[in-house]
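To start, the structure under review is shown below, and the notes come after it.
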């Protein structure tokens, strides 16, 4: 009897190690999808703007920013605001590709390829191809941008 229980216990332990606790694969996959979708959305917010709606554009990014990135973003946008306004700059972005470089339930690093079409009053639209690495953290139910670096 004891040997039988030991064998069953060992089988359950091996199954949990190989498969994970019930539902964890589904939960983990959902969290991965959520992190990747957040990275795509945050990238579009970060790389799209319109000089007529800068406050709204910048506030949208800050709503999902945290830590040093939030501070740096505020400082940078304060400096760029007059330039964007004077140039009547408009940028629209398209995420070309995105993937997760690493993932944990509360932290993810995504690599994103984004094309940005930028127009100003003095220049025709031009496309810039950017590659970003974005670190996201999830202290609660929302993924927040902790760091962004150009690749």
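In this note's numbering, the protein residues as written are 123 to 273.
A virtual CB, placed ideally from N, CA and C, is assigned to each residue, including glycine.
Does DSSP put residue i in a helix, a strand or coil?
{"i": "residue 254", "result": "strand"}
{"i": "residue 215", "result": "strand"}
{"i": "residue 200", "result": "helix"}
{"i": "residue 167", "result": "helix"}
{"i": "residue 220", "result": "strand"}
{"i": "residue 181", "result": "helix"}
Do residue j and residue i come within 7 Å of each other at the CB atom, strictly closer than that value?
{"i": "residue 259", "j": "residue 250", "result": "no"}
{"i": "residue 220", "j": "residue 154", "result": "no"}
{"i": "residue 213", "j": "residue 175", "result": "no"}
{"i": "residue 167", "j": "residue 189", "result": "no"}
{"i": "residue 158", "j": "residue 222", "result": "yes"}
{"i": "residue 169", "j": "residue 215", "result": "yes"}
{"i": "residue 217", "j": "residue 165", "result": "yes"}
{"i": "residue 173", "j": "residue 179", "result": "no"}
Count the other C-beta atoms from every protein chain shown that fall within 10 angstroms of the C-beta of residue i, then say buried if there are 16 or more, exposed otherwise.
{"i": "residue 198", "result": "exposed"}
{"i": "residue 273", "result": "exposed"}
{"i": "residue 152", "result": "exposed"}
{"i": "residue 187", "result": "buried"}
{"i": "residue 200", "result": "exposed"}
{"i": "residue 160", "result": "buried"}
The stretch 222 to 239 touching the stretch 185 to 202, judged by at least three CB pairs closer than 8 Å: no
Complete runs of the beta strand (DSSP E) confined to the stretch 222 to 267 [at least 3 residues]: 229 to 242 and 245 to 259
Inter-stretch contact at 8 Å, needing at least 3 Cβ pairs: the stretch 222 to 231 / the stretch 197 to 214: no
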